[in-house]
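What follows is one structure encoded as structure tokens, with my remarks underneath.
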Amino acid sequence: MNSTASEVLEFVKENEVKFIRLGFCDMFGLQKNISIMADELQSAFDGGVSFDAHAVRGFRGVTESDLFLFPDPSTISVLPWRPGPGRVARFYCDIRSPDGSEFLHDGRGLLKRVAGRAEKMGYACKVGAECEFYLFKTNEDGEPAAVTFDKGGYLDIAPLDRGEDIRREICLTLEEMGISPEKSHHERGPGQNEIDFRFGDALSCADNFQTFKSAVKAIAARNGLFASFMPKPISDKPGSGMHINLSLAQNGRNIFKNVSEGHSRVAESFMAGILARIVEITLFLNPIANSYERFGKYDAPKYVSWSHQNRSQLIRIPAALGQKVRMELRSPDPSLNPYLAFALIIAAGLDGIDNGMALPPAVDADLYKAGPDVTGPLAVLPRSLGEAVESAQDSGFVKSVVGQELFTKYIAAKKTEAADFAASGDKPGFYGERYFTVV
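Heads up: the sequence shown is residues 3 to 441, going by this note's numbering.
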């Protein structure tokens, strides 16, 4: 819904919306919100709604703890799982300091700036997400149990797939919220599902991803289940990835081309920029210790390489035509902050264009079976959260994109997390306590 503040106020009145949720996320992608009564929405548009930034991890110290949420009217969505009377609408918000300036830790604002840079260069970046998740049963107290909802596998149907009705309900809910699901199916793991939604501009895709996670968790809970977006919730089963599809439009036309048409040089440089920076930005694409259990297994990448169609690669060019030709980045997972992740990926691609980077040759081999003659020359993705921190903390590129203060705070938090994990003698216990019910 692309609306002005005045149109939104009229919509709220006509549709008997009583409660307004002002949504945002912390530096690490954890969703937050404040609820206000609908009568306070005009005031929120005019002067924002204050919150204690000291209480949000990574935001501000206690001596300057006031920040303000300003709802973006274009993001209004009525929450279908909160029916009337007393309907609930949600906005995503821009975060500002008391003097009205942009809060520089706001990932949403950062992504806007990077998208603006692309526009100044003459490009519009289109982003689509393919997100996997697991459905688990709950116990008599409603708490998640370590038992998957079914024992189905890839593209199975009922009775092996027990998630058909859940996915249907999620897709219908997303449609009501203005998000267009394209396909859904059972994934390879027991209780594992995937729902893909239509590509759009980077900011809308990031907003939609946050909405998607909320909707999945809400619909699962309504059906007595628990949805987990943890990258590797079951050690010997497939992990959950978040494949990110990217293309570039120039004058309204997609400059990514099918292999038979020959690649655009600009598209090649965009991909080359991402390949050149991927190790440095992996900390933001795979931000938790559990993320690194996924790499190199069950179609998750391990090496920095690309090819056409090949699912063993970090970047692949799927078979497609016209506006759907794109690159697919296969390393990210659903625990990321989409605003920071998309900003860094796009900025890396734009740097590739600015510097006229050449795309290395395609690696047309199954990298899960290839020998050292093929894999030896290839760079390897970080093998642990600690390695990812080391690669990011030495990156002038990452610092230039996210800013010194956010960079310092994020690195410090992840260093502590990596140290806690290294000191833990019980990896499954650490994952379960730290991530399972939170991600």
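Here a beta-carbon is modelled for each residue, glycine too, at the ideal position from N, C-alpha and C.
Since the structure is predicted, the reported quantities are computational estimates derived from the model, not experimental observations.
In this structure, DSSP gives D356 a helical state, which the three-state scheme calls helix.
Judged by DSSP secondary structure, V19 falls within the beta strand (DSSP E) whose first and last residues are 19-27. Taking a cut-off of 8 Å for Cβ pairs, the segment 50-59 and the segment 27-40 touch, as three or more such pairs fall below it. Among the bridge pairs identified by DSSP, L32 is matched with none. Here the segment 192-207 makes contact with the segment 141-156; the two share three or more CB pairs at distances below 8 Å. Closest by C-alpha distance to E184, out of K326, K371, Y294, is K326. Segment contact: the segment 128-147 against the segment 65-77, fewer than three CB-CB distances shorter than 8 Å; contact not assigned. Beta-bridge pairing by DSSP links G130 to N247. Counted as a single uninterrupted DSSP element, the alpha helix (DSSP H) harbouring D167 occupies residues 166-178. In this structure, L24 sits near F93, with a CB-CB distance shorter than 8 Å.
For A229, the closest alpha carbon among the candidates L346, G144, A349, S52 is that of G144. Exposure of E407 is indicated by the presence of fewer than 16 other C-beta atoms within 10 angstroms of its C-beta. Between S337 and P233, the C-beta gap is smaller than 8 Å, which places the two residues in contact. Under the 10 Å beta carbon count, Q311 is surrounded by fewer than 16 other beta carbons and is classified as exposed. Taking the CA atoms as reference points, F399 sits about 21 Å from I246. Contact between E330 and I317 holds, with the beta-carbon distance rounding to 7 Å and staying under 8 Å. P146 has its alpha-carbon roughly 23 Å from the corresponding atom of C173. If you check the CB distance, P235 and F438 come in under 8 Å.
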